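Comments concern the structure below.
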Amino acid sequence: MFRNANWSGRLASAAIGAGLLAASTLSADVVALMAGTLHTGTGEPIENGIVIIEDGTIVAVGPGIPIPGDATVYELEEGHITAGLIDANARLERQDIFLPEEARPAGDLSTFFVRQLSFHNDGAACVTCSGFAMCPLSSLHGEFKSGTDQDLEEELGCPCCGWPSHNIASILTAGVQPAITSTESSSEVVPHTSVLDVANLRSSDYSWLANSGVTTVFVAPDTSAVIGPQGAIVTTYGRIRDRILNDSGDVQAVIGTDPYAVGLRNSRPFGQFVSSRTRRPTTRMGVAWVFRKAFADTQDWIAGQEVTGSDQPPAEAFPVLQKIMEGDVPLRILARDRNDIEGAVRMAGEFDLKFTLVEPVAAYDCWEVLEQTRPEIVFGPISDSSVGLRRFSGDDNRTRLGTIRELFERGFEPALSAQDMRDEEGLAGQAMLAIKAGVSFDQALRAVTVNPARVLGLSDQMGTVEVGKRGDIVLWTGKPFEATTKPAVVVVGGRVAMNETDD
């Protein structure tokens, strides 16, 4: 529930409304959130906690603090308050897809999009249902008029799917195309490029994230390059110009099969036919060669020596690689299998590189190596089998549910990521799975707030509910990460991104 000025007393009850007000226009300069339990992330929970946000910043935290008269107040007597969730390795959509399991055609996704242009018997091309009857009103599409009709001032389309719009397939639901990459493919070493150049900050995927309590994400590039682009840190709601917190984040390297297997596979020469994909690496050995040579070449470049040999990084990459070696640009290495994790640690040691280890699925099989180096870790999604984009890679076929618990038991403080997973398998769902695997509630909460803020170098801005930090707050219907709990109010930078409370 919420009320404006002259709020007094505790509301007797609060019910969760059925309507979802995503991307709400409610963005009062002063917002007050009240709940039976406040988890600040800095100590013991506070009973009957209150958080006051003014001009996007937390200005007061605690029990019994006065509520400003001009505040918009949201309260759930049985609710809980936490800092906004942070995904330190989010894979966001490049193009939305509408592909229910029962309608999935044979072949790859390119077949699906080609068939979206197929024609029905009535002569009208439904780009949404494509002959698979995805749209509930597909049988009526022949009745809808085209915008080319001279008698119509505006196009009259299907109220469900928007037919006859030819762009409707890109705005229906969120998803990530696994078979397509956006990383520059002229080289396997492209740290001078940025994922932000292909990010669509108006994508509906951000609304999905905000509605699930995720307020900040590290937009990770795909895994098709050995040393890929720089990522970006953005918030999931607000004015576009205000949402980019860091447009030149960590550079992501990948040790494993992805650089030659994701998207259009690298290949050996075939007769006289060559393309941009006819190159190394085509094996794990080739991946290690490209990674090691990139930094060896950078050492020569720094020393003023001529860089020679095959597989040279582009000239534009050397200044960024130098900054990585000097520690000015953070490096993350994605490595899933034991041999890849050990290889990443060994090669980073050769060049004295500090790095964050991403998605170490087989960490349980190489504790000795990890405990010696103790890198920052971004783990997840939690699963006992390949899920999401990882089902296209053979690198995570030895997953184990208890690995996240063992990381905490051995003194690591991993950040938990849902990557491309949403809804029940999103970041809050990942925290729930961690708890089921034996992680404590406090550890799970840190894994999606405090720890990712630290990994991203944003601990002074977010991750805990403290005075002076960003107004990124989630008011939950009950104790977070339980099956029946969901966000009721999500505040991003002091603006209400979602409100599902009953007025």
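Residues in the sequence shown are numbered consecutively from 1374, following the working numbering. In this text, a Cβ means the ideal position worked out from N, Cα and C, and glycines have one as well. Remember, predicted model here, so these are calculated numbers, not experimental data.
**Q.** Length of the line joining the Cα atoms of V1821 and G1753
**A.** 11 Å
Q. Are there 16 or more other CB atoms within 10 angstroms of the CB of W1849, so buried, or fewer, so exposed?
A. buried
Q) With distances taken between CB atoms, is the gap from F1591 to A1463 smaller than 8 Å? A) yes
Q) When the Cα of D1623 is compared with those of V1862, F1814, E1741, V1702, which residue comes out closest? A) V1702
**Q.** Contact set for L1891: own chain, Cβ-Cβ below 7 Å, skip 5 residues either direction
**A.** Examination of residue 1891 is not possible in this model, given that the chain is present from 1374 through 1876 alone.
Q) Comparing the CB of G1844 with every heavy atom of the ligand GDP, is any distance shorter than 7 Å? A) Ligands are entirely absent from the displayed structure, and the ligand GDP is therefore not among its contents.
**Q.** Three-way DSSP call (helix, strand, coil) for N1872 in this model
**A.** strand
Q.
Spatial neighbours of D1615 within its chain, please: C-beta separation below 8 Å, excluding the five flanking residues on both sides.
A. T1608, G1866
Q) Of the residues V1446, E1699, R1719, which one's Cα is nearest the Cα of I1675? A) E1699
Q. Out of curiosity, what's the CA-to-CA distance linking G1784 and I1777?
A. 11 Å
Q.
Under 8 Å: do the segment 1836–1854 and the segment 1445–1457 share three or more Cβ pairs, one atom per stretch?
A. yes
Q. Rounded to a whole number of angstroms, what is the C-alpha to C-alpha distance between T1858 and I1755?
A. 19 Å
Q. By a C-beta neighbour count over all protein chains shown, 10 Å radius and 16 as the cutoff for buried, is T1874 buried or exposed?
A. buried
Q | When G1644, F1854, D1796 are compared against A1804, the one with the closest alpha-carbon | A | F1854
Q: Classify T1330 as buried or exposed, calling it buried when 16 or more other Cβ atoms lie within 10 Å of its own Cβ.
A: Residue 1330 falls outside the range modelled here, since the chain spans only 1374 to 1876, and no answer is possible.
Q. Exposed or buried, Q1603, counting other C-beta atoms within 10 Å across all chains shown (16 or more means buried)?
A. buried
**Q.** Beta-carbon proximity list for A1479, same chain, < 7 Å, skipping 5 on both sides
**A.** Confidence is the limiting factor: at A1479 the pLDDT is only 40, short of 50, which leaves the residue's position unreliable, though a coordinate-based value still follows. Correct list: empty, nothing qualifies.
Q) What's the call for E1557, buried or exposed, on a 16-neighbour Cβ count within 10 Å? A) buried
Q: On a CA-only basis, which of D1402, D1443, S1790, I1628 is nearest L1829? Give me that one, please.
A: S1790
Q. Roughly how many angstroms separate the alpha carbons of P1632 and C1739, rounded to a whole number?
A. 23 Å
Q. To which residues does DSSP link D1460 through a beta bridge?
A. V1590
Q | Residues that DSSP places opposite P1860 in a beta bridge | A | W1849
**Q.** Residue closest to A1605, alpha-carbon to alpha-carbon, out of T1651, V1403, D1460
**A.** D1460
Q | N- and C-terminal bounds of the beta strand (DSSP E) containing N1573 | A | Here N1573 belongs to no beta strand (DSSP E), and DSSP marks it neither H nor E.
Q: Determine the direct distance from the alpha carbon of P1594 to that of R1868, and round the result to whole angstroms.
A: 28 Å
Q. When you compare each of T1772, V1663, G1811 to V1627 by their alpha carbons, which one comes out closest?
A. V1663
Q) Could you give the C-beta distance for Q1834 and R1827, rounded to a whole number, given that I count them as a contact under 8 Å? A) The Cβ separation is near 11 Å, so there is no contact.
Q. Can we say the segment 1646–1657 touches the segment 1721–1735, given the rule of at least three CB pairs closer than 8 Å?
A. no
Q | Selected residue, minimal CA-CA separation from I1697, among Y1447, G1836, A1408, P1564 | A | P1564
Q. Who are S1640's beta bridge partners in DSSP?
A. T1651
Q: Mind reading off the beta-carbon distance from G1422 to G1435? Whole number of angstroms is fine, and I expect it under 8 Å.
A: 7 Å
Q. Which of helix, strand or coil does DSSP assign to S1381?
A. Caution applies to S1381, whose pLDDT of 32 falls short of 50 and renders its modelled position unreliable; the value that the coordinates give is listed next. Note: S1381 maps to coil in three-state DSSP.
Q: Please say whether T1430 and G1841 have beta carbons closer to each other than 8 Å?
A: yes
Q) Among the residues of its own chain, which have a CB less than 6 Å from the CB of V1571, if the five just before and after it don't count? A) S1555
Q.
Looking at A1856: is its Cβ nearer than 8 Å to the Cβ of V1864?
A. no
Q: Evaluate M1794 with the Cβ neighbour count: other Cβ atoms within 10 Å of its Cβ, from every protein chain shown; 16 or more gives buried, anything less gives exposed.
A: buried
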